[in-house]
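Asks: Numbering (this note's numbering) for the sequence shown: 9 to 763. Note that beta-carbon positions come from the ideal geometry of N, C-alpha and C, so glycine has one too. Note that the structure is a prediction, hence the values are computed from the model and not measured.
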Amino acid sequence: MDVLLENHLDYFIHDNTAATGLSPEMLAVTREAFGAGDFNLLAEIYSSQLADIRHPDRSLCLLKADALSRAGRMAEALDSYCNAANLDRLRPNELGSLVDCIAHTLRVKECLKECTDYNGVSEDEHSLELFSCRLCKCLLIEPTTLECGHTFCKPCIEDDGIKECEICRYKLNKTNRELKPIGFRVNVVLRCLLGKWFCAESEARRCWLEGDRMRNERGFINALEKYNKAIEKAPSMCRLLGRRAELHMEMNNFRQAIQDGDTMCRLTPLSPKAHYVKALALNKAGYNEEALQEYFYCLALKPNWTSVKLETQKMLSEMFFSVFKTDGLPTSSLRPHQTGLASHLKPASLLLSSLHSTPRRWNQTATAETKSSCEDSKTLASVLAALPFSPGLKRKFSGEPQGSAPPNKLPRKVLCSDEASSSQMPAACCSGRREVPPQLLDSADMECSVCMRLFYEPVTTPCGHTFCMNCLERCLDHNPKCPLCKENITEYMATRGYHKTLLMEEILQRYLSEELIERSKVHQEEMAELSNLTQEVPIFICTMAFPTIPCPLQVFEPCYRLMIRRCMETGTKQFGMCIADDIKGFADYGCMLEVKDMKFQPDGCSVVDTVGVSRFRVLSHGHRDGYNTAKIEHLEDQKVDGEELAELQKLHDSVYEQASAWFTSLKDNMKNQIVSHFGQLPEKDPDMQGSASGPAWCWWLLAVLPLEKRAQLSILAMTTLRERLSTTRRVLSLVTRKHPPPRRPSSSAAASSSL
């Protein structure tokens, strides 16, 4: 708070820090009053200081005026500002509190507080319409969907200043105004829909863009023709009116610019931008008083608009100067200790006495060429007279009005504007909400060209075509090209950036909700059927797989890309692995695999890390969308107990020791290869019957032993651990006889060789 106070003091003292003559004790009281927000006390302190000095002090006058402004005591504040202005010209930065107070009073008296949000932006301006570009805030023209799924006007995102998505901050890969990998392409479906639903506005937007291009090339006449043509097609587009007003100002057609600004204010009376355009036009035309009023409305609607506040302070400074340059008062007549001054010596009283007079409006003057005459009549009184605060207003700056109008009361200025324009402009023009004509809604316009059904989870390719996500993925499984235009989109596939086109999805939800619900039901039924592994299991025909053993796969065939993608989408992450069979297509036994990780390659192939889960027996063979399926039953080992369990334990331990000895006897390079693929030999399980598939080390051994697939398959199908261990022991014995471990040289042989 001390910092704020110092700023408050330094704001007016400038280089002469001793100008106020405040004693240290009084400064302490000042700090306390300022910290408590007691601006009335501050004003009394400064008044007493002024009364104690022989000559009026400008800094104290300004401090008093500032305190009175913050306290809402406008009549007295103006007295102090006038006293200071008579001593020396008021600087713009000395009028900040006055501007804030006037804008705040206007905001309260006109009930603008109920019509604007926290930041002073009107609700209609703050909430963008569904079909508006989030960059230019207008109807999408040449809609272009980015990889993140958000859609903008193509000219907007081609701007060099746009480096990321305005909504999600997705970084654009732009080089030389081109979006990689294949540049900016218009979303074909959205362009057709917007052109069909909003034909006139779309045509107006095209003329608007042509006008902008001509204006940038300094072809003002041609640009104006394009703007006029656009406004004929869409007379209620406020931003277009603002653009034409700016062009009129560049061409010195100030009266036409004022007319466009006035139309904007009628269409959107709560838009700060509309009042700003009108203020700018009035200012350039020389109607400074009217311009100042519009600037105050801008600040009432948007209090934090710094540039407008600075401009308002400059204009007020000029007006104070123009008044006191010709009507300055002698310093001796402004002794602040006098309790009352004659009205003819107090310009502020003269200003306040005319508060209820009717200000001169711009349309009461013939043409803008009367600028010189209006400058002659330029007074602060006529400006302040138009502002809706009374001379006796005394209210805390931060307080709310007592007995203010109810929230449903429209601002007086808004009512007047609406009444003036009601006969000229349809009510729908001011709503700012676009509605699609029901007769133009056709679900056929939003059908996927692959499945010929309503879009479900629509995605847009870089070339601008839209498909269902699943349909596009299935097409790209076979060919890395767009299903419609056949453009190569390999780089797009590499990113796997299949983000839904959010605008298309919102359109479906809003206008075709019932059809979308039915489409969603069909999709959910398909997913439920695919996820029911008890009914039908997808089968990958490739190699032998075993429970608990890793099985890495490189998937490149389109049918298996689809199969594994569905496994991931349904959440099962499982499929069956079988070896091929010349007669049946695939073997009668296999192993369920679970996907642990999946990495995509630029060509669309994928590397899938899986691990064996359980064994199964095939009951029937099937087929779906290019890949095999099967109805299965899961296999479990038969458990034993008693003496059989003891014998089984001995057999288990014996075979494990035999397997461990065989693995230890292998050459280092061979062992390293086995370990890199399958890992180390697993430890013995404490409970060899704890798993439905038996000990993990058995399957590890079966995977690394040099056996044919058919022999491995027969062991995989066994449902008793005893039988599997016995077979494994015979295989180990056979392998050991064929490839006996190298014998270590005896000590005597080693000694003789050394001799």
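Rounded C-beta distance between PHE773 and GLY579? I'm assuming under 8 Å.
Replies: The structure shown does not extend to residue 773, since the chain spans only 9 to 763, so no value can be given for it.
Asks: Quick one: measure Cβ to Cβ for LYS204 and LEU520, integer angstroms, because I've assumed they're closer than 8 Å.
Replies: No, LYS204 and LEU520 are not in contact; Cβ-Cβ is about 15 Å, not under 8 Å.
Asks: Tell me the residue span of the alpha helix (DSSP H) that contains VAL603.
Replies: Unbroken run through VAL603 is the beta strand (DSSP E), 597 to 608; no alpha helix (DSSP H).
Asks: In chain order, what residues of the same chain lie with their CB nearer than 7 Å to the CB of SER325, ignoring the 5 residues before and after it?
Replies: LEU98, ARG99, PRO100 and LEU103
Asks: Check the C-beta distance from ARG62 over to ALA92 and give it rounded, since I have them as a contact under 8 Å.
Replies: That belief does not hold up - the Cβ atoms of ARG62 and ALA92 are roughly 17 Å apart, past 8 Å.
Asks: Whole angstroms is fine: what's the gap from TYR178's alpha carbon to THR314's?
Replies: A direct Cα-Cα distance of roughly 30 Å separates TYR178 from THR314.
Asks: At the level of alpha carbons, what is the spacing between ASP426 and MET272?
Replies: Its pLDDT being 40, under 50, ASP426 is placed unreliably in this model, and the value from its coordinates should be taken loosely. Spanning the two alpha carbons is a distance of roughly 12 Å.
Asks: Which residues in the same chain have their Cβ closer than 6 Å to the Cβ of ASN230, if we skip the five residues on either side of it in sequence?
Replies: MET222
Asks: THR387 to LYS310, Cα distance in whole Å?
Replies: In this predicted model, THR387 has a pLDDT of only 49, less than 50, meaning its place in the structure is not dependable; the value taken from the coordinates is given anyway. THR387 and LYS310: Cα-Cα distance of roughly 26 Å.
Asks: Taking 8 Å as the threshold (C-beta atoms), are ALA73 and TYR89 in contact?
Replies: yes
Asks: Would you tell me roughly how many angstroms separate the C-alpha atoms of MET535 and TYR464, rounded to the nearest one?
Replies: Inter-residue distance for MET535 and TYR464 is about 13 Å (C-alpha atoms, whole angstroms).
Asks: Closer than 8 Å, CB to CB, is HIS507 near chain D or not?
Replies: Structure shown: chain D not included; a single protein chain is present.
Asks: In this structure, does DSSP put VAL196 in helix, strand or coil?
Replies: In this structure, VAL196 counts as helix in the three-state DSSP scheme.
Asks: Taking just the CA atoms, how far does ALA212 sit from TYR284?
Replies: 23 Å
Asks: Starting from the Cα of GLU526, find the closest Cα among ARG461, GLU499 and MET552 and give me that residue.
Replies: ARG461
Asks: When you compare each of ASN224, HIS256 and ARG226 to ASN236 by their alpha carbons, which one comes out closest?
Replies: The candidate whose alpha carbon is nearest that of ASN236 is HIS256.
Asks: Go ahead and label PRO555 buried or exposed: buried means 16 or more other beta carbons lie within 10 angstroms of its beta carbon, across all protein chains shown.
Replies: buried
Asks: If you follow the beta strand (DSSP E) that THR618 is in, where does it begin and where does it stop?
Replies: 614 to 632
Asks: Quick one: which unbroken alpha helix (DSSP H) runs of 4-plus residues sit fully inside the region 446 to 491? Chain order, please.
Replies: 477 to 486
Asks: If we ignore side chains and look at the alpha-carbon of each, how far apart do MET576 and LEU538 end up?
Replies: 11 Å
Asks: With PRO703 and MET696 assumed to form a contact (beta carbons below 8 Å), what rounded beta-carbon distance in angstroms separates them?
Replies: 5 Å
Asks: Quick check on the burial criterion: 16 or more other C-beta atoms within 10 angstroms. Buried or exposed for LYS607?
Replies: Answer is exposed; the Cβ neighbour count stays below 16.
Asks: Go ahead and pull the three-state DSSP assignment for ILE682.
Replies: helix
Asks: Please report the distance separating the alpha-carbon of SER722 from that of GLU644.
Replies: 15 Å
Asks: Taking the continuous beta strand (DSSP E) assigned at LEU561, which residues delimit it?
Replies: 561 to 563
Asks: Do the region 274 to 293 and the region 246 to 265 touch if we need at least three Cβ pairs shorter than 8 Å?
Replies: yes
Asks: Would you mind working out which of GLU481, HIS685, MET454 and LEU480 sits nearest MET512, comparing C-alpha positions?
Replies: MET454
Asks: Specify, as a first and last residue, the run of the beta strand (DSSP E) that HIS642 falls within.
Replies: 635 to 642
Asks: State the DSSP-derived secondary structure class of PRO151, mapped to helix, strand or coil.
Replies: strand
Asks: Residue range of the beta strand (DSSP E) that THR276 falls in?
Replies: Neither: THR276 is in no beta strand (DSSP E) and is coded neither H nor E.
Asks: Note down the Cα distance separating GLU655 from ASN677, rounded to an integer number of angstroms.
Replies: 36 Å
Asks: Could you check the C-alpha separation between GLY219 and HIS531 for me, to the nearest Å?
Replies: 47 Å
Asks: Go through the region 37 to 79 residue by residue and report every complete run of the alpha helix (DSSP H) that reaches 4 residues or more, in order.
Replies: 47 to 59 and 66 to 79
Asks: Express the C-alpha separation of GLN646 and SER699 in angstroms, rounding to a whole number.
Replies: 11 Å
Asks: Based on DSSP bridge pairs, tell me the residues matched to GLU172.
Replies: LYS179
Asks: I need the DSSP call for CYS764, collapsed to helix, strand or coil.
Replies: Nothing can be reported for residue 764, as the shown portion of the chain is limited to 9 through 763.
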